[in-house]
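In our numbering, the protein residues as written are 10 to 125.
Ideal Cβ positions, reconstructed from N, Cα and C, are used throughout, including at glycine.
Working notes, beginning with the structure itself.
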């Protein structure tokens, strides 16, 4: 199909696909105060728009809307078709509370009230 269509039409189709991916994705990475929208995510990494993103490296937080999903250690692997591809060196599930170092009983009270 690419040999039939003119180059300008192919570029327009690629740009339209990128815009649709940007709007459809709720995922973004946060590095300090900088937020970058994730275009695509796969098991071992993700891609962001190269025009918006510097070449990242190190610790980032991955969010889905307002929900913190992962804390990730990443490296940039390549730039392909205007996208930076990053791979996870480590991806840790974000927790909303500290892990316990003991087994909590299922019938344990939630809080203690003082006696009067």
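Exercise. Name the one or two DSSP bridge partners that residue 94 has.
Key: According to DSSP, which records beta bridges pairwise, residue 94 is partnered with 56 and 87.
Quiz item: Nearest-angstrom Cα distance between residue 69 and residue 123?
Solution: Cα to Cα, residue 69 sits roughly 43 Å from residue 123.
Quiz prompt | Option in 26, 53, 58 and 80 with minimal Cα separation from residue 40 | solution = With distances taken between Cα atoms, residue 40 lies closest to 80.
Quiz prompt | Same chain only: Cβ atoms within 7 Å of residue 53, ignoring 5 sequence neighbours per side | solution = The beta carbon of residue 53 sits closer than 7 Å to the beta carbons of 96 and 97 from its chain, once the five residues preceding and following it are set aside; these are given in chain order.
Quiz item: For residue 45 versus residue 61, is the C-beta distance shorter than 9 Å?
Solution: Between residue 45 and residue 61, the C-beta gap is smaller than 9 Å, which places the two residues in contact.
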